[in-house]
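Asks: Chains as they are written, first to last, in full-length UniProt numbering: chain A, 1 to 604; chain B, 1 to 382; chain C, 1 to 345.
Glycine included, every Cβ here is placed at the ideal spot set by N, Cα and C.
Have a look at this one before I ask anything.
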Amino acid sequence: MKFELSPKVLMIVLVVLLALAPLVLKPYHITVLNYIGLYSMVAIGLVLLTGVGGLTSFGQAAFVGLGAYTTAVLTTASDLPGWLAWMGWSPWLSLVAGLIVTGTSAYLIGLVTLRLSGHFLPLGTIAWGISLYFLFGTMGLLGGHTGFGGIPPIAVFGYELRQGHQIFYLIWLFVLLAVITTLNLLDSREGRAIRALKGGMIMAEAMGVNTARSRMVIFVIASLLACASGWLYVHMQRFVNPTPFGIHMGIEYLFMAVLGGAAHVWGAIIGATVITVLKQWLQDILPAIFGQAGNFEVIFFGALLVLILHRARGGLWPILTSLTQRVVPVRAEQRQIDRNVEPLPSRELPSKGELLLDAREVTRRFGGLIACNRLSLEVRAGEILALIGPNGAGKSTMFNQVSGVDVPTSGKITFLGKDVTGKTSREIARMGMSRTFQHVKLLPTMSVIENVAIGAHLRGNRGVLSAAWRLDRQEEKRLLAEAAKQIERVGLGDYMFVEAGSLALGQQRIVEIARALTSDPCLLLLDEPAAGLRYKEKQALAELMRKLSAEGMGILLVEHDMDFVMGLVDRVVVMEFGEKISEGLPEEVQKDPAVLQAYLGGVE
Amino acid sequence: MKFNKALLAAIGLAFSVGAAHAQIKVGVTVSATGPAASLGIPERNTADLMPKEIAGQAIQYIVLDDASDTTSAVKNIRRFVDEDRVDVVLGSTTTPNSLAMIEVAAESRTPMISWAASSRIVEPVDDVRRWVFKTPQNDQHMATAIIEHMTNHGIKTVGFIGFADAYGEGWLEHFRTLAGLRGLDVVSTQQYNRTDTSVTGQVLQLISANPDAILIAGSGTPAALPQRTLVERRYAGKIYQTHGVANNDFLRVCGRDCEGTFLPAGPVLVADQLPDSNPVKASALTYIRAYEAAHGAGSVSTFGAHAWDSGVLLEAAVPEALKVAQPGTAEFRAALRDALENVSEAAGAHGIFNMSPTDHLGLDQRARVMVQIQNGTWKLAD
Amino acid sequence: MDLQIALILGQDGITNGAIYALLALALVLVFAVTRVIFIPQGEFVAYGALTLAMIENGFFPATMWLLLGAGVVVTLADGVSAIRAGQSRKVVGIAGVNLIYPLLLLALVWSLPLRDLPLAVQVLLTLLIVVPMGPMMYRLVYQPIADAPVLVLLIMSIAAHVAMVGLGLVFFGPEGYRTSPFSNARFEIGPMFVTGQTIWVILSSLVFIVALALFFSKTIYGKALRATAINPNGARLMGISPMLAGKLTFFLAALIGALSGVLISPITTIYYDTGFLIGLKGFVAAIIGGLSSYPIAAAGALMVGLLESFSSFWASAYKEVIVFTLVIPVLVWRSLTTHHMEEEE
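Shown next as structure tokens:
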């Protein structure tokens, strides 16, 4: 057996190294490590926000400032208003106050700016980042641009952390906590929802994820990490003024995250380390090369960053791991699926023949184009209905109307007897409809089982806090067991732990079906599931669908492959140019002249 | 990385061997980049000209840039005291940076000589500030000179426009207080940013308040923009600037629009016009010659002279401290601090320093003169 | 506040807004063609203004060395890849554009009596020095990763910005410069007056905007750029090289930047680090235009200019706070009215 280290061992080695550092290293190196720790915390927040969640923020420095200023003001205030005086502000209380102030501000800022889409968001963050920075400077209460000192050090059980090596442990304890909670969070039900934000929003919503809420969650968490960093900073520095919280620092934090590898939590620490050490080192080395002038660091720094990103777009962490992997192989933690866990409760399926979906006269216009014109269809429990038609007939548009991804211009859609027209895909998913996508929407870097587990989002309820502190493990086991069951059911049991992006396109479509099944639907919408499959695979898929419908599930299917459709489905609806041209049993439809016209260009 | 560590260690070893008994280490942190660069660069240039040897002891200067940022300033001073084990720290350029550094100086019991303006850096001389000295005149010194000049010229109302940073803020605070004491009415206060491309809004506010005079508190060339806009808008009253503008770049940018402007400044700005009896003249001219020899005629600025003056203080104090202890020891640093506190009649480029346990600046009225801009040059005003 | 003050502030806002508008156009153009959010746009403003200032003061413009340096690196990079591709003949052309041109220009600048040249020639020299840096920058910074996600390109932009500001400090020093105006005329209209330079700024901006519009609608290169912006793959199939499109775009962006710098440097003092905030405000305007609409971006630029001017009158200490806070509702509005295009990254 090959020798491999477990990640846990590595973690312990890291903790031991950190614990020993102050005994071995020189005081100044500890100072540098302290700054690396402070920067790392902010950068970890950015990894969560930018690298994982896809929200670029230039404003994190302002949150650091909020944390710093809250504690600085509260711990130095000599005349607190009466209703606060009883607290006698110790730094620990002001940490709580800072977290509340920052969290609330982030929530309010997020309410406005997180609605911004695409490139509006980074600019929004620049805007409030600059605003807050100037506010710090102009508010007299905060000591203006000059700032103020006399801030007490943090005390732990009466022991004051004055020196660099004393606060060192506290800083790195915070960093490790940040790393562990973030890693825990990402490996959970909420975490999968967060990881779906970047590049999978429509899919996540269709699986019942409240993406707006997930965005807010990571925004607030990132702000709290920044706030804690500011709190530590100010009690280490014992002086506060606005310059460390300006937009330039906000940019630098983003640098750290991207350079280290924005998609990896450990990358944040690597990025913070490289940038801090490099700056220090350049200050020593460059004057020796260029003579006296000290302006060359930034130039060199900018050029170096360009070069590194040319070579390593994903940052340094992936390179580093692939290099060290050769020397010290680290075992990839493989998930254990606990099959004995109590299965998740499943939905009572409607009795066979009951009306599930009733779409009446659904019309969707895009400007002048009518993609869907007064289309009606219905699906009953235990029935497989195929929606067929030439390319561009409007089948996928109809799918989007039914599943709530899009809103029809007119018409009415009833699902399980309730009007769902205009409802979000999330609400509809909760009612028991699930779907796959014509253009596969998997998260390619996540494993198959993680992708499939997103489908089970609505079947769990453990939130962010329990995920961060691992109180969600029992539920997590049940979710993963369910995902594993569905993966095996669709016949991909061998691929459970591989990256979804590495599968063939046909297999990816099947993974989408497993994901949809994991949400325990009573109506399944499949958009061209058989495309790219081989004959045997198609047969297996057809078998699966027959089985599902026998259990009472309704299936609405869009498909091109006539052979596949005709032998399988109960009824067929044929569309052309956005309109229904025929409906009925497969063999009836096959003979319909209108259909032949559409498919074969007409009969003589 | 490993190689560099080894290299640094080797260098460190080489120094420590050489330093066993004949080297004083001076840590210098300046804001050579960032918003305060126009002040920091002449200071950094001056660091090259400071004494290389005092009382037979070689002086080693370690110069770091803090990019006008407090975090870097504190990082730098921590490096000086922890890694380089310097005997004295010089800098930094700006008030916030210096204020942020004083805790570390006191904690490590290392004397520090700041090059920033605010009196808060050295006042009151408490447990922390025992270790801190500074060379630039306090803002109050300069503000008093302006206010005196204003009241002598029959000015009753003043408008103020200053940088939205520590410099402008310090000036506003002291100017407003002192003006109130002298019965001057500050009728409008405005702020602007160093890199603003237009101050029309602020200037219109100032003009509509119709003050007898306007004080512009900015440093270097950015202080020219309000003045040019005022002139463009045909403001007829007197215009005052602060000593922050005292370099030739300001004259170049402001041009004709600055004719007749008054400002307080250290005597170094007009050293050649001082009467020979003035005790500052000789020492100021020494600095100017040294600086211009290295950087060209007309390149000198009063900010570099603050740095120079800290060299003057060291020259006065180091020989005393050497009598007590060897450099590189805590005793030497304490002795140096004591010696700095006892410096008397040291002639710098900006004035004569007389330190005391309650005054860690030690400058008096001789450290400032009123200057007027005439024909594009600085003229000593009476 | 009376009408007179409002008029003066309005004039001031429009002048600044005209510059922001030019920059916003450049930013929209660059983003549309290359997906690069071009933060260093502001540095070209500063480089343009300060290079002109150096020439005017009779100094040898230090940006010349940067041009030469960048030229050498581009020659090496392109030359090596040309030789590797077995197209050694191309090397001559590459060296001609990137090496011989800066050398000739260097010789010219060296030999001319810079201070005594007419202003127009000084401006021309400035443009000859600064503008070619645009395409060179594209070649060195962006071209190697032209297909990277927007975020990575944005980080590249910031890295380039940081390096250029650092170089600016080395080249020009910390103090600012102001160049002599194109015209000393001064027109009094009732209570307010307009300087000749203001008219220059506004007219030049207008002329340039019209010229750009003509360039895009009439010339083959302009049409190629538009095609690339709308559909890069389609444009590539039609034989429009994305590399050429990128270089051309950056040429235009650098030209707009340097020209803006030359235009405003007589009105205000320019520093080595002025560019960032000016560029940022142009960027705000560009974003208001959704990084796609030229007319809305121009309108946004005027809005930013006016907002800035009026808030500096009402609450000078809070000027930036007001400008950047009020931008947020506009962004929200734009964001809601723009069709939500999800997840292209």
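(1) Answer yes or no: do Gln23/B and Ala47/B have a C-beta to C-beta separation smaller than 8 Å?
(2) One question on the structure: do Gly45/A and Ala312/A come within less than 8 Å of each other, judged by their Cβ atoms?
(3) Between the Cα of Gly54/A and those of Tyr107/A, Val234/A and Arg195/A, spot the shortest distance and give me the residue it belongs to.
(4) Note down, in chain order, every chain B residue with its Cβ under 7 Å from the Cβ of Phe239/A.
(5) Would you kindly report the start and end of the unbroken alpha helix (DSSP H) that includes Ser188/B?
(6) Is the shortest distance between the beta-carbon of Ala307/B and the beta-carbons of chain A less than 8 Å?
(7) How about Met203/A and Phe437/A: do their beta carbons lie closer than 8 Å?
(8) Pro222/B versus chain C: which residues are under 7 Å apart at the beta carbon?
(9) Whose C-beta lies closer than 7 Å to the C-beta of His21/B among residues of the same chain, with five residues either side of it excluded?
(10) Please say whether Gly65/A and Phe245/A have beta carbons closer to each other than 8 Å?
(11) Shortest alpha-carbon distance to Gly279/C belongs to which of Gly305/C, Ser293/C, Lys223/C and Ile296/C?
(12) Report the CB separation of Ser310/B from Thr135/B in whole angstroms; it is logged as a contact under 8 Å.
(13) How about Ala303/A: is its C-beta nearer than 8 Å to some C-beta of chain C?
(14) Could you please give me the residues that DSSP links to Phe262/B through a beta bridge?
(15) Are Ala254/C and Leu29/C closer than 8 Å when you measure CB to CB?
(16) Interface residues of chain A around Asp165/B at Cβ under 8 Å?
(17) For the beta strand (DSSP E) containing Thr157/B, name the first residue and the last one.
(18) Are the CB atoms of His161/C and Glu43/C within a distance shorter than 8 Å?
(19) Can you give, in chain order, each stretch of the alpha helix (DSSP H) that sits fully within the segment 4-31 of chain A and has at least 4 residues?
(20) Enumerate in chain order the residues of its own chain whose CB-to-CB distance from Ala305/B is below 6 Å, with the five nearest sequence positions on each side excluded.
(21) Quick one: what's got a C-beta closer than 6 Å to Glu343/C's C-beta in the same chain, skipping five residues either side?
(22) Is it right to say Glu103/B is buried, meaning 16 or more other beta carbons lie within 10 angstroms of its own, or is it exposed?
(23) Tell me, please, whether the CB atom of Ala37/B is closer than 8 Å to any CB atom in chain C?
(24) With distances taken Cα to Cα, identify the nearest neighbour of Ser81/C among Val36/C, Pro144/C, Leu22/C and Gln41/C.
(25) Which parts of the segment 135-215 of chain C are runs of the alpha helix (DSSP H), unbroken and 4 residues or longer, counting only runs that do not cross its ends?
(26) Can Thr50/A and Ser57/A be called in contact, C-beta distance under 8 Å?
(27) Let's test the definition: count the other Cβ atoms within 10 Å of the Cβ of Met105/A and tell me whether it reaches 16, buried, or not, exposed.
(28) Against chain A, does Ser111/C count as a neighbour if the rule is that its beta carbon must be under 8 Å from one of theirs?
(29) Output the residue ranges of the alpha helix (DSSP H) runs that lie fully inside the segment 158-229 of chain A and measure 4 residues or longer, sorted by chain position.
(30) Which residues bound the alpha helix (DSSP H) around Cys254/B?
(31) Assuming Ile388/A contacts Asp570/A under a Cβ cut-off of 8 Å, what Cβ separation, rounded to an integer in Å, is found between them?
(32) Give the C-beta separation of Ala359/A and Ser346/A to the nearest angstrom, bearing in mind that I take them to be a contact with Cβ-Cβ under 8 Å.
(33) Please tell me whether Ser38/B and Asn97/B are closer than 8 Å, where the distance is taken between their beta carbons.
Replies: Based on what the coordinates show:
(1) no
(2) no
(3) Arg195/A
(4) Thr70, Leu99, Ala100 and Glu103
(5) Ser188/B -> not in any alpha helix (DSSP H); beta strand (DSSP E) instead, spanning Asp185 to Tyr192.
(6) no
(7) yes
(8) Gly176 and Thr269
(9) Any reading at His21/B is ruled out, since the residue's pLDDT is 47, under 50, leaving its predicted position unreliable.
(10) yes
(11) Gly305/C
(12) 5 Å
(13) yes
(14) Tyr240/B and Gln372/B
(15) no
(16) Gly137 and His145
(17) Thr157 to Phe163
(18) yes
(19) 7-24
(20) Val268, Tyr287, Ala349 and His350
(21) Note that Glu343/C scores 39 on pLDDT, short of 50, meaning its location in the model is unreliable; the coordinates nonetheless yield the value given after this. Closer than 6 Å at Cβ, skipping near neighbours: no residue.
(22) buried
(23) yes
(24) Pro144/C
(25) 150-172
(26) yes
(27) The question names Met, but residue 105/A is Ser in the sequence shown. The residue is buried, with at least 16 neighbouring Cβ atoms inside 10 Å.
(28) no
(29) 164-186, 189-195 and 201-206
(30) Asn248 to Cys254
(31) 14 Å between Cβ atoms; not a contact.
(32) At roughly 26 Å, the Cβ-Cβ gap does not stay under 8 Å, so Ala359/A and Ser346/A are not in contact.
(33) no
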